[in-house]
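Novice: In the working numbering, the protein residues as written are 112 to 201.
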């Protein structure tokens with residue numbers, strides 16, 4: 112996942128990175144997600160699947176599905192700041 116984050120940052124900087132899997136097949140978190148980066152289309156579906164999650168943090172990161180606000184919240188540190196303010200361990 113770190114490689115994907117690095118590639119996303121390079122794209123923001125105007126570069127065209129390539130990401131390659133080091134193994135013969137995907138592993139780790141990518142394997143557990145069936146090699147798909149996905150998210151729920153509807154807020155209600157997300158909450159139904161993750162009802163015990165920190166709702167304000169979930170909204171901060173992902174409620175606006177048509178913009179980059181969730182990515183910006185993660186990238187800028189707002190999501191981390193929110194989690195720390197609510198007493199979550201880092």
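Beta carbons: idealized from backbone N, C-alpha and C, even for Gly. Note that the coordinates shown come from a computational prediction; the quantities given were computed from them, not determined experimentally.
Using alpha carbons as the reference points, say which of 114, 139, 122 and 125 lies closest to residue 131.
Specialist: The count along the chain shown starts at 1 and reaches residue 131 at position 20. Comparing Cα positions, the closest option is 114.
Novice: Expressed to the nearest angstrom, what Euclidean distance is found between the alpha-carbon atoms of residue 158 and residue 112?
Specialist: On the chain shown, residue 158 is found 47 positions in, with the first residue counted as 1. On the chain shown, residue 112 is found 1 positions in, with the first residue counted as 1. Taking the straight line joining both Cα atoms gives about 24 Å.
Novice: Roughly how many angstroms separate the alpha carbons of residue 151 and residue 120, rounded to a whole number?
Specialist: Within the chain shown, numbered from 1, the residue matching residue 151 stands at position 40. Within the chain shown, numbered from 1, the residue matching residue 120 stands at position 9. If you take the alpha carbons of residue 151 and residue 120, they lie about 23 Å apart.
Novice: Just checking my contact of residue 169 with residue 161 at CB under 8 Å: how many whole Å lie between their CB atoms?
Specialist: Your numbering for residue 169 matches position 58 in the chain shown. Your numbering for residue 161 matches position 50 in the chain shown. Right, their Cβ atoms sit about 7 Å apart.
Novice: Which residues in the same chain as residue 140 place their Cβ atom closer than 6 Å to its Cβ, once the five residues preceding and following it in sequence are excluded?
Specialist: Within the chain shown, the letter at position 29 stands for residue 140. Within the same chain, residue 140 has close Cβ partners 112.
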